[in-house]
Each structure stands twice: as C-alpha cells, then as structure tokens.
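In my numbering, the protein residues as written are 92 to 415. Glycine is no exception: its CB is placed at the ideal position from the N, C-alpha and C atoms. Step one of this worksheet: look at the structure below.
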Amino acid sequence: MKTSFTRRALAVILALFATHGVLAQDTAAYPSQPVRIVVPYPPGGATDTLARMVAARLQDSWKQTVVVENKPGASGTIGNDLVAKAPRDGYTVLLGITALVQVPALMPKLPYDVLKDLQPLVQVASTNSVFVVPASSPANTLKEFVAQAKARPGTVNYGSYGIGTSSHIQGSLLNLQAGVDLTHVPYKGAAPLLQDLRGGQLSSAFIDMATARPHLEAMKPLAVTGSQRNRTLPNVPTFAELGFHSFEPIGWFGMFMPSGVAPSIAARFTAEVSRILHLPDVVARIEALGMTPGELKGEEFARVVKSDAAVYARIIKDANIRLE
Numbered sequence: 092m093k094t095s096f097t098r099r100a101l102a103v104i105l106a107l108f109a110t111h112g113v114l115a116q117d118t119a120a121y122p123s124q125p126v127r128i129v130v131p132y133p134p135g136g137a138t139d140t141l142a143r144m145v146a147a148r149l150q151d152s153w154k155q156t157v158v159v160e161n162k163p164g165a166s167g168t169i170g171n172d173l174v175a176k177a178p179r180d181g182y183t184v185l186l187g188i189t190a191l192v193q194v195p196a197l198m199p200k201l202p203y204d205v206l207k208d209l210q211p212l213v214q215v216a217s218t219n220s221v222f223v224v225p226a227s228s229p230a231n232t233l234k235e236f237v238a239q240a241k242a243r244p245g246t247v248n249y250g251s252y253g254i255g256t257s258s259h260i261q262g263s264l265l266n267l268q269a270g271v272d273l274t275h276v277p278y279k280g281a282a283p284l285l286q287d288l289r290g291g292q293l294s295s296a297f298i299d300m301a302t303a304r305p306h307l308e309a310m311k312p313l314a315v316t317g318s319q320r321n322r323t324l325p326n327v328p329t330f331a332e333l334g335f336h337s338f339e340p341i342g343w344f345g346m347f348m349p350s351g352v353a354p355s356i357a358a359r360f361t362a363e364v365s366r367i368l369h370l371p372d373v374v375a376r377i378e379a380l381g382m383t384p385g386e387l388k389g390e391e392f393a394r395v396v397k398s399d400a401a402v403y404a405r406i407i408k409d410a411n412i413r414l415e
C-alpha cells in the first residue's frame, strides 16, 4: 500500500516536472509560428497604423512572421470577440482602444467579458481629447463658452465621431457638469466633423489630439482631457484644472491577449513590444501622429483599463447614453 502511494506521488512529481519542462521549452521557442495582431477596425486608421508599425518591428527582431488582420464591425466587438475566444497560446493578439471598455456599458449583452476574457499587456500609445470651438467663435475660454451656451439654451451644439464614442461620452459629461444643453451632432468620422467645424455649422467638438493637431489654426482649443496638459498645447488647461471631474481618462491603444496565456509567454511579448516602443524612430513616428508613446505595461496597464471601465460605465449610466 505504502509502495503504491509512493509510486503515485512520484508519478505526480514527474508529471509536474514534465509540464514545467514543456512550458519552459514553449517559452524559449516562442514565437515558433506566425503571430497575428487583430485590429478590430478598418485599414488606414491610427489603430491600424500602430499595429503595422509594431508588427514590422516584431518580425524584424523575432525573424518570425507577424501579420495584422483587420476585423472591423459592430463597434469593434467582432475583432475583440475573436481574440477573447482564441487559443491561449500567445499567437493571437488584440490591438484595442479605449472603446474596448466603453462598449460594455452601451451593449450589455456582449459575447465576452472584457475584464475577464482579455489580458492587458502593454499600452502602445495614448492621446488626449481636446474640446475646441471654431477660430471665429467669440469664446476664448471654457468659462466664456459655457456662459454663452447658457444664454442661448438649445441653440449651441457639439460634434462627435458617432453615438457612444469617446467624444459623445465627453460631451454628455460636459452637459451634466456645466449645466448646459449642448445638442449632440454625431458624425461618421473626423473628416466631415472638421469640415463643419471650419464652416461654422458646429459650435464645438471633442476631437482627439492626433486628429486636431494638423488643424489647430482653424480652431480654438479650450480644454483637454487627462490629468496633465498636452505638450503640444501647454497653455490649454485640463478639465480638472477648471473644476470638472471624470475627464481624467485619456484615449489609449493597447495590446491584449486572451486571459490564460502562460505568464512567461505574455511577459516575453510585453517586454519586446515595450523595447520597440522606446526606439527613437518609433517614438518619433508615434509623436508625429500626435500621440504619446505608451509607458504602461502589465499590472499598471491593467489597473488603468479596469479604472477607465468603471469611470465610463458611470458616465454612460448618468447621461443615459444608448446606442440607437
């Protein structure tokens, strides 16, 4: 009886050592097959540009194929779901954006749970949103804009990139906190929004810094989101400086894997992407896009993702924002 127990115990120990050995070999060999980075949006946008920039560098350093697959549709949920349900082997990666944690509050019946099914790895880049008015606007400060909006209730509007987007959420938050009634005008993308802002059909808009940067001569920036001022607009205050709250979250782009990937493989991927993001030419390219290279990784990035999800869920509920 004692001998039988000893044999079973020895078998368990040997199995554990064998498993550990396989994992160690897998980690040492990773990546031993093509890696795919899923972008849940169409080609050509900022998310796609960042994904291809990182993919090219990974391929150079690993001497392994790294492909970018665009899986657009349903506010990014098609691509997100694909990665959430992918094998836990480290060969399928998501390049997600802030919308990843905004959509669950807008679409409660998603086929995946962002915080449970996806593992945050590394922040690739970040960008403030800036609240702007046309260059011809009489308002030179946010205080003056709010006063004018209160004096003409129902006649002042703001543009966004569409219902449920960051710019829509931020405009709804401004309405709540400033006590104004800005009419929401959703657009299908930045180009038509910028055209109407230049033409004076729009009273104001929330625009990401990457989009706003080439057009600053045609607008007046009144405030920026985030906890710090944007380096491109050092004289423009944050909403927090002006007494507003919950405008601290900024737009981010980040790499995720399905939850359950071996920690050693996730760590290897994270370390290599982090190294790439600190290369001078990569830093220059990200900054040329009007963004800041990502600094967060692992648990730090995971905390931001979780915190932002809670902030946006609260705002969406308080403002009663719904996808129509």
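{"query": "Would you mind reading off the limits of the alpha helix (DSSP H) that contains V174?", "result": "168 to 175"}
{"query": "On the DSSP letters alone, give me the boundaries of the beta strand (DSSP E) that H369 sits inside.", "result": "No beta strand (DSSP E) holds H369; DSSP gives it neither H nor E."}
{"query": "Determine the direct distance from the alpha carbon of R243 to that of K142, and round the result to whole angstroms.", "result": "In the sequence on display, residue 142 carries Ala and not Lys. Looking at the two C-alpha atoms, the distance is approximately 44 Å."}
{"query": "For P131, which three-state DSSP category applies?", "result": "coil"}
{"query": "Where does the unbroken beta strand (DSSP E) through S217 begin, and where does it stop?", "result": "209 to 218"}
{"query": "Please state whether DSSP places V271 in a helix, a strand or coil.", "result": "coil"}
{"query": "With H, G and I counted as helix, E and B as strand and the rest as coil, what does DSSP make of T329?", "result": "strand"}
{"query": "Are there three or more Cβ pairs, one per stretch, closer than 8 Å when the segment 371 to 390 is compared with the segment 208 to 217?", "result": "yes"}
{"query": "Pick from P211, G255, Q155: whose alpha carbon is nearest that of A410?", "result": "G255"}
{"query": "Can you name the start and end residues of the alpha helix (DSSP H) that M310 belongs to?", "result": "It is not in any alpha helix (DSSP H) - M310 instead sits in the beta strand (DSSP E) that spans 310 to 315."}
{"query": "Helix, strand or coil, according to DSSP, for A410 in the structure here?", "result": "coil"}
{"query": "Within a Cβ cutoff of 6 Å, which residues of the same chain sit near P418, ignoring the five residues on either side of it in sequence?", "result": "The chain is shown only over 92 to 415; residue 418 falls outside these bounds and no answer can be derived."}
{"query": "Measure how close the beta-carbons of K311 and A226 come, nearest whole angstrom, since I'm counting them as under 8 Å.", "result": "6 Å"}
{"query": "Tell me the DSSP bridge mates of I188?", "result": "F344"}
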